[in-house]
Structure formats: structure tokens, C-alpha cells
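If you read the protein sequences in the order shown, they are chains A and B.
Read left to right, the first sequence gives residues 1 to 249 (full-length UniProt numbering).
Read left to right, the second sequence gives residues 1 to 249 (full-length UniProt numbering).
See structure below.
Protein chains: 2
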Amino acid sequence: MRRFLQKISRNSRTPEDGIFFDKISKILGFKPNDLHFYKKAFTHRSTNKVDENGNPFNYERLEFLGDAMLGSVIAAHLYNEVPTGDEGYLTKMRSKIVSREHLNELGRDLNLIQFIESKVNPQHFGENVHGNIFEAFIGAIYLDKGFVFCEKFIQNKVIEPYVDIPRLEGKVISYKSLIIEWCQKEKKQFAFEVFDDTGKEEQKFFAVRLIIDKKTIGKGRETSKKKAEEKAAKRAYFALQDQMDNKKK
Amino acid sequence: MRRFLQKISRNSRTPEDGIFFDKISKILGFKPNDLHFYKKAFTHRSTNKVDENGNPFNYERLEFLGDAMLGSVIAAHLYNEVPTGDEGYLTKMRSKIVSREHLNELGRDLNLIQFIESKVNPQHFGENVHGNIFEAFIGAIYLDKGFVFCEKFIQNKVIEPYVDIPRLEGKVISYKSLIIEWCQKEKKQFAFEVFDDTGKEEQKFFAVRLIIDKKTIGKGRETSKKKAEEKAAKRAYFALQDQMDNKKK
Numbered sequence: 001m002r003r004f005l006q007k008i009s010r011n012s013r014t015p016e017d018g019i020f021f022d023k024i025s026k027i028l029g030f031k032p033n034d035l036h037f038y039k040k041a042f043t044h045r046s047t048n049k050v051d052e053n054g055n056p057f058n059y060e061r062l063e064f065l066g067d068a069m070l071g072s073v074i075a076a077h078l079y080n081e082v083p084t085g086d087e088g089y090l091t092k093m094r095s096k097i098v099s100r101e102h103l104n105e106l107g108r109d110l111n112l113i114q115f116i117e118s119k120v121n122p123q124h125f126g127e128n129v130h131g132n133i134f135e136a137f138i139g140a141i142y143l144d145k146g147f148v149f150c151e152k153f154i155q156n157k158v159i160e161p162y163v164d165i166p167r168l169e170g171k172v173i174s175y176k177s178l179i180i181e182w183c184q185k186e187k188k189q190f191a192f193e194v195f196d197d198t199g200k201e202e203q204k205f206f207a208v209r210l211i212i213d214k215k216t217i218g219k220g221r222e223t224s225k226k227k228a229e230e231k232a233a234k235r236a237y238f239a240l241q242d243q244m245d246n247k248k249k
Numbered sequence: 001m002r003r004f005l006q007k008i009s010r011n012s013r014t015p016e017d018g019i020f021f022d023k024i025s026k027i028l029g030f031k032p033n034d035l036h037f038y039k040k041a042f043t044h045r046s047t048n049k050v051d052e053n054g055n056p057f058n059y060e061r062l063e064f065l066g067d068a069m070l071g072s073v074i075a076a077h078l079y080n081e082v083p084t085g086d087e088g089y090l091t092k093m094r095s096k097i098v099s100r101e102h103l104n105e106l107g108r109d110l111n112l113i114q115f116i117e118s119k120v121n122p123q124h125f126g127e128n129v130h131g132n133i134f135e136a137f138i139g140a141i142y143l144d145k146g147f148v149f150c151e152k153f154i155q156n157k158v159i160e161p162y163v164d165i166p167r168l169e170g171k172v173i174s175y176k177s178l179i180i181e182w183c184q185k186e187k188k189q190f191a192f193e194v195f196d197d198t199g200k201e202e203q204k205f206f207a208v209r210l211i212i213d214k215k216t217i218g219k220g221r222e223t224s225k226k227k228a229e230e231k232a233a234k235r236a237y238f239a240l241q242d243q244m245d246n247k248k249k
């Protein structure tokens, strides 16, 4: 019955909801059941929206829930991944992974801000809005699909692309120097190139691409050239990780 | 295949493991798959045990995992239960529920210390050992049975009997006065009686029973008479909650 009703409600989706559904499905890697949770995850308090019971309809409470889910999924990952790490190590590593800076990066990379509904211009929210809606999005996944899907999403979108234990342990300080060292050793040509950035933000951004053997391997966009280079190098590092690791062995 | 191997291993359980299995099943409210996790949850570092890979085999890392799982299950409960509570409220309520004092009480009430394996006399561990092995036990449940069972256990053993939102909000200060007030209003006879306590601990404990209309409704055992009365009253309050709530309406 529930599935039947869902099917009806899904078929009666408005065109805007259809677009939202497709975009969310693409980010999730699976289909959502109920878009309502995701809409809430992207609704800013400035809209003054309330739900059918008169309670505020915005993402602030979902942040709390998402933060908790993220914390437990990362805890389980670290527990399994680093059997030699004691409680203090696990606690420290988790706080590095779920740092404000890192959450902002995750939210920004998924471009979640495109979905935000707000009475205020989201450009004025500051950096933390990216991390906040990222947490809220995780809270929405938990409510919509349960823990296992939430874990799957965090595995695919957080752990696999970003959780790099040697780096977090402080063994890798700069991806830029790592990439340069590797290119030199492997006799590969490389260049960091600044390219035109068409962002319309008021703040100045620098866009850098890292080219290795004439192919663009990673791009970065940041508020300084140095930061943008490091980001491009980091992304290239993840893209090349298998190759780089094989050479090391 | 996995199930078949588990069945063999379960059938080949030693008599001690059989007793442990039965006791753990009773506390869990469901059957564990693999006792190994629970053994770890009750092994103190003083045993100097290591696993097959040479890593320490004790409950310290499991505490980290259990703490994270408890945090997310309580977060989801509060999110659903108190739709009017904002982020600050939810955070504050959760820290009250998972307070050190509360975790110690939960571990003590389940008498988890009976399972502890240690080279040191567990009487010398201090109060926090109860909370620590309670957290480790939750970590073991997660590893053995997954999130849903972990949530079920926390629902049955933590949330239902202990999570009393009005009390946590500070609206109920003393269960003793609440019970006395109710008994007077309902014209019920009541008495707090100190009774003989056969505990063998070095520290002095007080045991109090609360008798209402000639029936023992709650018992408490604490380091002061006042605390023991409050505990007996609290337990009576939970035992009588339906009756007390109906009268209020």
C-alpha cells in the first residue's frame, strides 16, 4: 500500500519536483523515497516556513541529526580500518574528518547550494553554509532511507574520495609536493595553469588546472592561487592514487 | 556458508560459552551471532590479551564505537520525539542522556560487571567502569548484529526505561516528592524503608524500598540514604507512569 501511494505521489510530481528528484538521485546514487526530507534539508530559516504542525521547516534540526549519523559511520569506518589505533587516535582522526573545513568542502563539491531556498542571498551566508547543508542532507537521507543507505552514501561520497588516512595522520603535508616528486621520478611533464574562472561571486577566486603529460588531471578553485594549486594536486592525487601506489610497491 | 559455519561453531560452544551466550541473550533480548565481540567488550586491558593479529584485545576501542552509535540513536530519537526542539535543545538533551553518570547507572543496572575479565580486582576500577563497558557492549552489538539491532537494544534498554524528557528538561526535580504528592492525592499509604543490603563492596551502600499500599514498587541502592530513596522513587515512577499519567488527564 505504501509503495502504491508512493508511486501515485511520484507520478503526480510537478515538473520542478521531477528535476529536483533527478538531481538528488544523481547525487545520492540511489532514488529517494520522499522528497520532503530533502526539501527541508535545503530550506533556510529566513523563509520562515512551518510544517503542517506549525513547527519551523528548515535545515537546522537536520544538521544535528546528520552530524550524529556522520559521526557514527566514520567511527565504524575508522574502527574497522585502523585496528591498531587506540581510542585517542580514533577520536582525533574522526574530528579531522568531520572538521568544519572538510564538511564545507564536501558540501561545496556536491554543489548543494544550488538547491537552497532562502529569502537572503546565499552568497552572504559565508563558507559554513556548505557544511551545514551537507550535514542536513545526511540527516534527510537517514530519515528517508534509513541507516544503511546513509552509510552507503557516506562511504561513496565522503570516505572513498576524501578519507585518506596517511594524510590525516600528518604523513602527507602537501599534495602539490607529492605530485611534483612523483612526476619527476616518473619523468612526466606537469604544469599548474591558472585559467579563467567565470564565477559570479563578489569574492575573487583562482582557478588552477594541473596538467600531466598534456592531460588535465585535477582542477581546483580557491580564494588564493596557492590553495587552488593544492586542491588541484589533491584531486589529481586521488585520481592517480592507484598508479602512484603501484609504483611505490 | 557463513550461517553453516556459525551453526557449527555455535554447536561446538564450551559449557562456559553456553552460559555466557544465555546470559547475553537475556540482556540483549535477542540472540548474538558471534560471542567474540561480547568477550572483547568485557576484557580489561590489564589482561594484556592480543588478537590473532597481535592487536590489543580489550574494550577500549569498542567504547569509542559504542559511544558513537549511542549518540546517533539518541539523536534520531530526540529528533522524532521533540519536533519543537531546536539544535541547541537537542544537543543539550542528548548530553544529559549520555552523561557519564547516566551511562554508569545503565551499566550497573544491567550488572555487566559480572562478565568482566581482568587481572585487577574490578572493585578498584571506580564507578566509570560501568559506563565504559556499557558503551563497549553497544559497540559489540553494532559489530555483531548491525545498526538496527543496536538501535533496538538502545530503544528497549535505554530509551524506554530511562529517557524521561520532562525530567531531563528539568520539569521534574525530585521523583520522591512527585511520588509523595501523588500518594497523598490518591490517598495511598506509602513508606520508604531501609533494608539489609548484602553487598560485599568495601564502600557502604544504603538499600531502600518504596512500599505503596503494602506492595514494594521500587528499590534503590546508593551511597547515601537520600540517593537510594530518590532512586527507588524514580523506579516506582516509571513502574507507575501509566497510572500516574492517567490520573493527571
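Backbone N, C-alpha and C fix where the C-beta goes; we use that ideal spot for every residue, glycine too.
Per-residue contacts from residue i into chain A (C-beta, under 7 angstroms)
{"i": "Y38 of chain B", "result": "The contacting residues do not exist; Y38 of chain B stays about 16 angstroms from chain A at best."}
{"i": "A68 of chain B", "result": "G71, S72 and A75"}
{"i": "L178 of chain B", "result": "Within 7 angstroms Cβ-Cβ: nothing; L178 of chain B doesn't reach chain A, min ~29 angstroms."}
Secondary structure of residue i, DSSP reduced to three states
{"i": "L13 of chain B", "result": "Contrary to the premise, residue 13 of chain B reads as Arg rather than Leu in this sequence. R13 of chain B falls in the coil class under three-state DSSP."}
{"i": "P83 of chain A", "result": "coil"}
{"i": "V50 of chain A", "result": "strand"}
{"i": "P56 of chain A", "result": "strand"}
{"i": "E127 of chain A", "result": "coil"}
{"i": "P166 of chain B", "result": "helix"}
{"i": "K91 of chain A", "result": "Before going further, note that residue 91 of chain A is Thr rather than Lys in the sequence given. Looking at T91 of chain A - three-state DSSP - the assignment turns out to be helix."}
{"i": "L65 of chain A", "result": "helix"}
{"i": "V73 of chain B", "result": "helix"}
{"i": "K96 of chain A", "result": "helix"}
{"i": "G29 of chain A", "result": "coil"}
{"i": "Y38 of chain B", "result": "helix"}
{"i": "E135 of chain A", "result": "helix"}
{"i": "F205 of chain B", "result": "coil"}
{"i": "G146 of chain A", "result": "coil"}
{"i": "I186 of chain A", "result": "Looking at the sequence itself, residue 186 of chain A is Glu, so the reference to Ile does not match. Coil at E186 of chain A, not helix or strand."}
{"i": "N104 of chain B", "result": "helix"}
{"i": "K249 of chain A", "result": "Confidence in K249 of chain A is poor, its pLDDT being 41 and thus under 50, which makes the residue's placement unreliable; the coordinate value appears in the next sentence. K249 of chain A falls in the coil class under three-state DSSP."}
{"i": "S174 of chain A", "result": "coil"}
{"i": "E230 of chain A", "result": "helix"}
{"i": "N156 of chain A", "result": "helix"}
{"i": "L240 of chain B", "result": "helix"}
{"i": "L112 of chain B", "result": "helix"}
{"i": "P161 of chain A", "result": "helix"}
Under 7 angstroms by beta carbon: chain B residues contacting residue i
{"i": "T84 of chain A", "result": "N55"}
{"i": "L90 of chain A", "result": "R61 and F64"}
Test: residue i CB closer than 8 angstroms to a CB of chain A
{"i": "E223 of chain B", "result": "The residue you asked about is not Glu; residue 223 of chain B is Thr in the sequence shown. Not closer than 8 angstroms to any Cβ of chain A, the Cβ of T223 of chain B fails to qualify, so no."}
{"i": "K41 of chain B", "result": "Before going further, note that residue 41 of chain B is Ala rather than Lys in the sequence given. So no, A41 of chain B is outside the interface."}
{"i": "S72 of chain B", "result": "yes"}
{"i": "A76 of chain B", "result": "yes"}
{"i": "M93 of chain B", "result": "no"}
{"i": "R100 of chain B", "result": "no"}
{"i": "R209 of chain B", "result": "no"}
{"i": "residue 295 of chain B", "result": "Given a span of 1 to 249 for chain B in the structure shown, any question on residue 295 of chain B remains unanswerable."}
{"i": "Y175 of chain B", "result": "no"}
{"i": "L103 of chain B", "result": "no"}
{"i": "Y237 of chain B", "result": "no"}
Residue i Cβ short of 7 angstroms to the ligand FMN heavy atom set
{"i": "K219 of chain B", "result": "What this structure holds is no ligand at all, so the ligand FMN is not there to describe."}
According to DSSP, residues forming a beta bridge with residue i
{"i": "L210 of chain A", "result": "A:F192 and A:G218"}
{"i": "T43 of chain B", "result": "B:E117"}
8 angstroms Cβ cutoff, residue i in contact with chain B
{"i": "Y162 of chain A", "result": "no"}
{"i": "M244 of chain A", "result": "no"}
{"i": "F65 of chain A", "result": "What sits at residue 65 of chain A in the sequence shown is Leu, not Phe. By this cut-off, L65 of chain A is an interface position."}
{"i": "K248 of chain A", "result": "Reliability fails at K248 of chain A, whose pLDDT of 47 lies under 50, so the model's placement of it is uncertain and no value is given."}
{"i": "E181 of chain A", "result": "no"}
{"i": "E81 of chain A", "result": "no"}
{"i": "F149 of chain A", "result": "no"}
Contact set between residue i and chain B, taken where Cβ atoms lie within less than 8 angstroms
{"i": "E87 of chain A", "result": "E60, R61, E63 and F64"}
Partners in chain A for residue i, counting only beta-carbon separations shorter than 8 angstroms
{"i": "L168 of chain B", "result": "In chain order: nothing, as chain A lies at least about 16 angstroms away."}
Below-8 angstroms beta-carbon distance, residue i vs any chain C residue
{"i": "F153 of chain A", "result": "Note that chain C does not occur in the displayed structure, where the protein chains are A and B."}
**OP:** Determine, using beta-carbon pairs with one atom in the stretch 87 to 106 of chain A and one in the stretch 95 to 103 of chain B, whether at least three such pairs fall under 8 angstroms.
**Re:** no
Original post:
Does the stretch 78 to 88 of chain B come close enough to the stretch 101 to 110 of chain A to have 3 or more Cβ pairs within less than 8 angstroms?
Top reply: no
Subject >> Contact between the stretch 134 to 148 of chain B and the stretch 183 to 191 of chain B (3+ Cβ pairs under 8 angstroms) >> reply: no
Original post:
Pairing CB atoms from the stretch 44 to 63 of chain A with CB atoms from the stretch 41 to 61 of chain B, are three or more of them under 8 angstroms?
Top reply: no
Original post:
Would you say the stretch 138 to 151 of chain B touches the stretch 111 to 127 of chain B, given that touching needs at least three Cβ pairs under 8 angstroms?
Top reply: no
Original post:
Is there contact between the stretch 236 to 243 of chain A and the stretch 10 to 27 of chain B, where contact requires at least three CB pairs shorter than 8 angstroms?
Top reply: no
Original post:
Are at least three pairs of beta-carbons, each pair with one atom in the stretch 34 to 46 of chain B and one in the stretch 57 to 75 of chain B, less than 8 angstroms apart?
Top reply: By the criterion of at least three beta-carbon pairs nearer than 8 angstroms, the stretch 34 to 46 of chain B is in contact with the stretch 57 to 75 of chain B.
**OP:** Tell me, please, whether the stretch 156 to 163 of chain B touches the stretch 213 to 230 of chain B by the rule of three or more beta-carbon pairs shorter than 8 angstroms.
**Re:** no
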